[in-house]
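Chains as they are written, first to last, in the working numbering: chain A, -10 to 192; chain B, 18 to 233.
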């Protein structure tokens, strides 16, 4: 692998003019860091902390060769209410896919470290990895970055989070909606990454 | 790889949240393609913190549940389209509308066959309204189709119908349309009432540059 990141590609000519101003969602805090998972000096890890009682739903690729973190997150979905907190930890640069037993070991190590750092069950830590396939994930770099991540969690950090999950993306992606509920406003804010290897088959 | 994280302050039970998410995936993220390759890592997490002052959403048939469902879909579709807009090397955003299919499965099959066709996508990169390649994609899709009932439009321009090139269509007008960044390609199969809209981008030299370099 290259020792350093290649020069960034210019922004897609089809990109929106700017990243949208996403409404803050009460009960979610974000942090991002450069852990050096694949390239040095590039923000490549994001942590989202979710308030106790958060409901989690998910959809995942149906690929029969899906990565350990996908299988792990699938297994952690539950239709039951939880009073516990939750967290999402994402790294870019290495997909932790097709790495045999080492794949699940990395997922477990990250989930355990996040759970200890944030005081919530490992079963409520959802991880994702994106990047090259077939190289063991240097999860110790992510675990080391947790000190910094856990002390910089910020409700306003969603833009940095959207940037941290990028790989060959040329712009961070965000969208939001607000609606009137019974007795107050309900907000939705989302981020995404994706630019290549894109033909989702989700369920 | 596509990763998506959506956060809401709604108070809603996990089972209901999952039901809404699962229902919306098919018409949003499962309707996009950049390069026809499905990642081993695609994931979407939807988290509802319950911190909104609004009352809990408990009934799928309630107005607030329907409003929430619609708002969730709008966020998902917006993000899905942004992923296509960032397709590696993309210079055109293409909406493909298939109507008149025998059933919903066929409509999706035809739409994705067109959206995933390298020949359709390179033609569009070259600003060529190459409807012959669209006919090819429909034919190979495996869906029920009849050449003589098929019609193809680029934007509002009818370029082919009834098994022939539309004799009235203007090459100059069509070429001018193809210079737009955002394009609509419509195919009516003339068989039934099922429809599907999907989104893709063109396939350019830029895609090869990026992917030939990625691991070097």
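Even glycine gets a Cβ: it sits at the ideal position worked out from N, Cα and C.
Asked	Found
C-alpha distance - residue 81/B paired with residue 47/A, whole-angstrom precision	21 Å
Proximal chain A residues relative to residue 25/B, where beta-carbon distance stays under 8 Å	14, 175, 176, 177, 178
For residue 22/B, three-class secondary structure by DSSP	strand
Distance between beta carbons of residue 119/A and residue 182/A, contact taken as under 8 Å	7 Å
Residues of its chain near residue 177/A, where Cβ-Cβ distance is below 7 Å and the 5 sequence neighbours each way are ignored	165, 166
Residue range of the beta strand (DSSP E) that includes residue 182/A	173 to 182
Residue 182/B - DSSP class collapsed to helix/strand/coil	strand
For residue 9/A, the nearest candidate out of 79/A, 90/A, 172/A, 162/A (CA to CA)	162/A
Status (buried if at least 16 other CB within 10 Å, exposed otherwise) for residue 83/A	buried
Cβ-based neighbour list, residue 112/B, same chain, cut-off 6 Å, excluding 5 preceding and 5 following	201, 216
Closer than 8 Å to chain B by CB, residue 30/A	no
Top-ranked residue by Cα proximity to residue 19/A, from 180/A, 152/A, 143/A, 80/A	143/A
C-beta neighbour in chain A for residue 122/B, strict 8 Å	no
Min CB distance residue 10/A to chain B below 8 Å	no
Run of the beta strand (DSSP E) containing residue 218/B, from where it starts to where it stops	211 to 218
Residues near residue 164/B in its chain [Cβ-Cβ closer than 6 Å; skip 5 each side]	180
Residue closest to residue 53/A, alpha-carbon to alpha-carbon, out of 87/A, 39/A, 37/A	87/A
Among 172/B, 145/B, 51/B, 83/B, the one whose alpha carbon lies nearest that of residue 34/B	83/B
Classification of residue 221/B by the beta-carbon crowding that lies within 10 angstroms, buried from 16 upward	buried
Proximity below 8 Å, CB of residue 89/B to CB of residue 19/B	no
Within-8 Å CB hit, residue 255/A to chain B	Since the first residue shown for chain A is -10 and the last is 192, residue 255/A is missing from the structure and cannot be characterised.
Any chain A beta carbon closer than 8 Å to residue 197/B	no
Chain-ordered chain A contacts of residue 104/B [CB-CB under 9 Å]	1, 3, 183, 184, 185, 187
Under 8 Å between C-beta atoms of residue 127/A and residue 91/A	no
Residue 64/B in three-state terms, based on DSSP	strand
CB-CB length for residue 169/B against residue 160/B, believed under 8 Å	15 Å between Cβ atoms; not a contact.
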